[in-house]
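Here the sequence shown is numbered in the UniProt record's numbering, starting from 1 and rising by one per residue. Accompanying notes for the structure given below.
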Amino acid sequence: MEPKPYKDEDIKVPRFEESAGFYTTAQRSKNMSKIRAKNSLPELKLRKALWGKQVRFRIHPKNFPGKPDLVINKYRLAIFVDGDFWHGYKWDEKKSALKTNSGFWIPKIERNIQRDKDVNQQLHAQGYTVMRFWEHEVKESLTACVNQVLLYIEAAKAAIIPQLDD
């Protein structure tokens, strides 16, 4: 792995263990088990809408930094659908509202934000454009998200954006 072009140190996230003072209930454990890293509802909605517009893509490719939710190789486009909580939407406002286990959650979310920036840089270095949509954007304005992807593709077709030759 290449060194980062900036000086930020990785944020250390404490392990979520009872010995560290973090306690979990059976209900919390059940709730957390339902949270999906792949194929979330907003991601599925975006995929279905793009597929309906004849946009073809790969899902969760393993050989890409960060495993984007969608990759359109021809146009060198990587798309992520980020969960509002997990990726820190309006984080500066919301982190003070965390009441339980803030010693775990604050570094956890801040590390996720840092990792997202690292992944963006790695993909840019490989010549990819990165689009990140917040979960609430996909839920509330799916059409706008789809149109943003379609506009990018149209620009790439017009040779405004470099693309891979087939």
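Heads up, the beta-carbon is just placed ideally off N, CA and C, and yes, glycines get one too.
Notebook entry, point to check: When we look at the beta-carbon of Leu-46 and count the other beta-carbons within 10 Å, is it buried (16 or more) or exposed?
Noted result: As a working mapping, residue 46 is identified with position 46 in the sequence shown. By the 10 Å Cβ count, Leu-46 comes out buried.
Notebook entry, point to check: Using DSSP with H/G/I as helix, E/B as strand and the rest coil, what is Ala-78?
Noted result: Within the sequence shown, the letter at position 78 stands for residue 78. Three-state result, Ala-78: strand.
Notebook entry, point to check: Between the C-alpha atoms of Ser-40 and Gly-66, what's the straight-line distance to the nearest angstrom?
Noted result: As a first step, residue 40 must be located in the sequence shown, where it is residue number 40. As a first step, residue 66 must be located in the sequence shown, where it is residue number 66. If I take the Cα positions, the gap works out to 16 Å.
Item checked: Endpoints, beta strand (DSSP E) assigned at Val-55 -> Here residue 55 refers to the residue found at position 55 of the sequence shown. No beta strand (DSSP E) contains Val-55, which DSSP labels as neither H nor E.
Notebook entry, point to check: In chain order, which continuous runs of the beta strand (DSSP E) of length 3 or greater are located wholly inside the UniProt domain "DUF559" (113-153)?
Noted result: Listed in chain order, they are 129-134.
Checklist line | Coil, strand or helix - Asp-166 by DSSP | finding: Against the sequence shown, residue 166 aligns to sequence position 166. Interpretation of Asp-166 is limited by its pLDDT of 45, a score under 50 that renders its predicted location unreliable; the figure taken from the coordinates is listed afterwards. In the structure shown, Asp-166 sits in coil (DSSP, three-state: anything other than H, G, I, E or B).
Notebook entry, point to check: If you draw a straight line from the C-alpha of Asp-166 to the C-alpha of Asn-147, how long is it?
Noted result: Taking the sequence shown and counting its residues from 1, the one referred to as residue 166 is at position 166. Taking the sequence shown and counting its residues from 1, the one referred to as residue 147 is at position 147. At Asp-166, the pLDDT of 45 sits below 50, so the modelled position is not reliable; the number obtained from the coordinates is stated separately. For Asp-166 and Asn-147, the distance between alpha carbons rounds to 24 Å.
Next item on the list: Take the Cβ of Met-1 as the centre, count every other Cβ of all protein chains shown within 10 Å, and call the residue buried at 16 or more, exposed below.
Entry: Mapped onto the sequence shown, residue 1 falls at position 1. Here Met-1 scores only 44 on pLDDT, less than 50, and its place in the model is too uncertain to base an answer on.
Next item on the list: Report whether the distance from the Cβ of Arg-76 to the nearest heavy atom of the ligand ADP is below 7 Å.
Entry: For the ligand ADP, the structure offers nothing, since it holds no ligand at all.
Checklist line | For Leu-98, the first and last residue of its enclosing beta strand (DSSP E) | finding: As a working mapping, residue 98 is identified with position 98 in the sequence shown. Leu-98: not part of any beta strand (DSSP E); DSSP gives it neither H nor E.
Next item on the list: Express the C-alpha separation of Asp-10 and Ile-109 in angstroms, rounding to a whole number.
Entry: By one-based count along the sequence shown, residue 109 stands at place 109. By one-based count along the sequence shown, residue 10 stands at place 10. Straight-line Cα distance between these residues: approximately 12 Å.
Next item on the list: Assuming Glu-135 contacts Val-81 (C-beta within less than 8 Å), just tell me the rounded distance between them.
Entry: Counted from its first residue, the sequence shown places residue 135 at position 135. Counted from its first residue, the sequence shown places residue 81 at position 81. By a beta-carbon distance limit of 8 Å, Glu-135 contacts Val-81. Their separation comes to about 6 Å.
Next item on the list: Would you mind stating whether Met-131 and Val-119 have Cβ atoms separated by less than 8 Å?
Entry: Taking the first residue of the sequence shown as 1, we reach residue 131 at position 131. Taking the first residue of the sequence shown as 1, we reach residue 119 at position 119. Taking 8 Å as the cut-off, the Cβ atoms of Met-131 and Val-119 do not count as close.
Note to self: Below 8 Å on the Cβ atoms is my contact criterion, and I expect Arg-76 with Thr-129 to pass it. Report the Cβ-Cβ distance as a whole number of Å.
What the structure shows: One-based indexing of the sequence shown puts residue 76 at position 76. One-based indexing of the sequence shown puts residue 129 at position 129. So it is a contact: roughly 6 Å between Cβ atoms.
Checklist line | Residue of Arg-58, Phe-64, Gly-52, Asp-84 minimising C-alpha distance to Pro-42 | finding: Along the sequence shown, read from residue 1 onward, the residue named residue 42 stands at position 42. Among Arg-58, Phe-64, Gly-52, Asp-84, the Cα nearest to that of Pro-42 is on Asp-84.
Next item on the list: List the residues that DSSP assigns as beta-bridge partners of Ile-160.
Entry: Here residue 160 refers to the residue found at position 160 of the sequence shown. Note: Ile-160 is not bridge-paired with any residue in the DSSP secondary-structure output.
Notebook entry, point to check: Between Tyr-89, Ala-78, Leu-50, which lies nearest to Ala-125 when the distance is taken from Cα to Cα?
Noted result: Within the sequence shown, numbered from 1, the residue matching residue 125 stands at position 125. The residue among Tyr-89, Ala-78, Leu-50 with its C-alpha nearest the C-alpha of Ala-125 is Ala-78.
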